[in-house]
Amino acid sequence: GAVVSQHPSRVICKSGTSVKIECRSLDFQATTMFWYRQFPKKSLMLMATSNEGSKATYEQGVEKDKFLINHASLTLSTLTVTSAHPEDSSFYICSAREDRGGGYTFGSGTRLTVV
Amino acid sequence: GQQLNQSPQSMFIQEGEDVSMNCTSSSIFNTWLWYKQDPGEGPVLLIALYKAGELTSNGRLTAQFGITRKDSFLNISASIPSDVGIYFCAGGTGKGNMLTFGGGTRLMVKP
Numbered sequence: 040g041a042v043v044s045q046h047p048s049r050v051i052c053k054s055g056t057s058v059k060i061e062c063r064s065l066d067f068q069a070t071t072m073f074w075y076r077q078f079p080k081k082s083l084m085l086m087a088t089s090n091e092g093s094k095a096t097y098e099q100g101v102e103k104d105k106f107l108i109n110h111a112s113l114t115l116s117t118l119t120v121t122s123a124h125p126e127d128s129s130f131y132i133c134s135a136r137e138d139r140g141g142g143y144t145f146g147s148g149t150r151l152t153v154v
Numbered sequence: 855g856q857q858l859n860q861s862p863q864s865m866f867i868q869e870g871e872d873v874s875m876n877c878t879s880s881s882i883f884n885t886w887l888w889y890k891q892d893p894g895e896g897p898v899l900l901i902a903l904y905k906a907g908e909l910t911s912n913g914r915l916t917a918q919f920g921i922t923r924k925d926s927f928l929n930i931s932a933s934i935p936s937d938v939g940i941y942f943c944a945g946g947t948g949k950g951n952m953l954t955f956g957g958g959t960r961l962m963v964k965p
């Protein structure tokens with residue numbers, strides 16, 4: 040079945056630094072990938088839609104300069120949290136859908152803690 | 855924006871009991887998906903529904919895509935302890951391929 044690999048699974052960083060999270064589709068191509076944020080005991084909130092070869096589409100209220108998205112190939116999207124603050128601490132999850140159709144597959148998530 | 859109302863928010867049941875949860879929306883969706891999420895993990899797809907009225911089973915799980923395309927339910931029969939987790943419904947419209955998630959149902963099973 041379709042597999043999405045997300046790395047790292049956990050990261051702790053200092054305030055003011057940047058953190059990059061990778062999302063890879065291992066056995067399929069995905070022109071479009073999605074980045075979500077999840078707070079404890081809450082549902083997933085879509086942050087942005089990542090499009091291979093073009094700019095990402097951000098949801099209302101999500102700062103594009105703070106959450107940089109790069110989708111350089113059909114199997115890799117990255118989310119960089121720039122100038123991280125403690126309030127950016129959260130669980131970030133990516134998902135991808137095969138270009139040929141099918142369900143949406145999620146990565147295992149990244150727990151970001153900013154200290 | 856679109857919203858999905860998922861209920862119940864939580865359930866605490868005895869092992870062996872059947873479980874039912876549902877999602878409703880004021881908007882139409884073209885796809886309904888049901889996911890399960892374990893703590894510290896990403897959601898895992900359980901059942902995908904692509905046609906109004908569709909009833910699909912996956913082992914002890916059964917889900918239906920409502921005829922109005924505004925609702926869906928998930929049933930779990932003969933629950934077992936490993937069914938514990940958070941279950942999310944998600945609706946897709948096809949526009950941009952994005953999904954809208956329900957608030958989740960936290961299931962707890964007492965052995």
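Heads up: the sequence lines are chains A and B, in that order.
The first sequence lines up with residues 40 to 154 when you count with this note's numbering.
The second sequence lines up with residues 855 to 965 when you count with this note's numbering.
Where is the CB? At the ideal position from N, CA and C, for every residue including glycine.
It should be emphasised that the depicted structure is a prediction, and the values quoted were computed from it without experimental measurement.
Checklist line | Residue(s) in a DSSP beta bridge with B/Arg914 | finding: Partner(s): none; B/Arg914 has no beta bridge.
Next item on the list: Measuring alpha carbon to alpha carbon, tell me which of A/Arg139, A/Ser116, A/Asp127 and A/Lys94 ends up nearest A/His46.
Entry: For A/His46, the nearest C-alpha among the options comes from A/Ser116.
Check: Would A/Thr88 count as contacting chain B if we go by Cβ distances under 8 Å?
Finding: Taking a beta-carbon distance threshold of 8 Å, A/Thr88 counts as an interface residue toward chain B.
Notebook entry, point to check: Using a Cβ-Cβ cut-off of 6 Å (strictly less than) and excluding sequence neighbours within five positions of B/Gly957, which residues of its own chain qualify?
Noted result: Around B/Gly957: Gln860.
Next item on the list: Please state whether DSSP places B/Ser936 in a helix, a strand or coil.
Entry: Helix at B/Ser936.
Notebook entry, point to check: Span of the beta strand (DSSP E) holding A/Gln77?
Noted result: For A/Gln77, the uninterrupted beta strand (DSSP E) run begins and ends at Thr71 to Gln77, by DSSP.
Margin query: Threshold first: 3 residues or longer. Then list the beta strand (DSSP E) segments lying entirely within the region 870-933 of chain B, N to C.
Written below: Taking only runs of at least 3 residues, the beta strand (DSSP E) segments lying wholly in the region 870-933 of chain B are 873-879, 885-891, 898-903, 909-912, 915-919 and 925-930.
Next item on the list: Say whether chain B places a C-beta atom closer than 8 Å to the C-beta of A/Gly148.
Entry: Answer yes: the Cβ-Cβ gap between A/Gly148 and chain B drops below 8 Å somewhere.
Notebook entry, point to check: Does DSSP classify A/Glu61 as helix, strand or coil?
Noted result: Looking at A/Glu61 - three-state DSSP - the assignment turns out to be strand.
Item checked: Local Cβ density within 10 Å of B/Leu903, reported as buried at 16 or more and exposed below that -> Buried, since its Cβ has 16 or more Cβ neighbours within 10 Å.
Next item on the list: Look at the Cβ atom of B/Gln857, then the Cβ atom of B/Ser879, and state whether they are nearer than 8 Å.
Entry: Cβ distance < 8 Å, so B/Gln857 and B/Ser879 count as in contact.
Margin query: If I follow the unbroken beta strand (DSSP E) through A/Gln68, where does it start and stop?
Written below: Boundaries for A/Gln68: no beta strand (DSSP E) harbours it, and the DSSP string shows neither H nor E there.
Notebook entry, point to check: chain A partners of B/Phe919, CB-CB under 8 Å?
Noted result: What B/Phe919 touches in chain A: nothing, since even the nearest Cβ is about 14 Å away.
Check: Does the pairing of the region 53-69 of chain A with the region 111-130 of chain A give three or more beta-carbon distances under 8 Å?
Finding: By the C-beta criterion, the region 53-69 of chain A is judged to be in contact with the region 111-130 of chain A, since at least 3 inter-stretch pairs fall below 8 Å.
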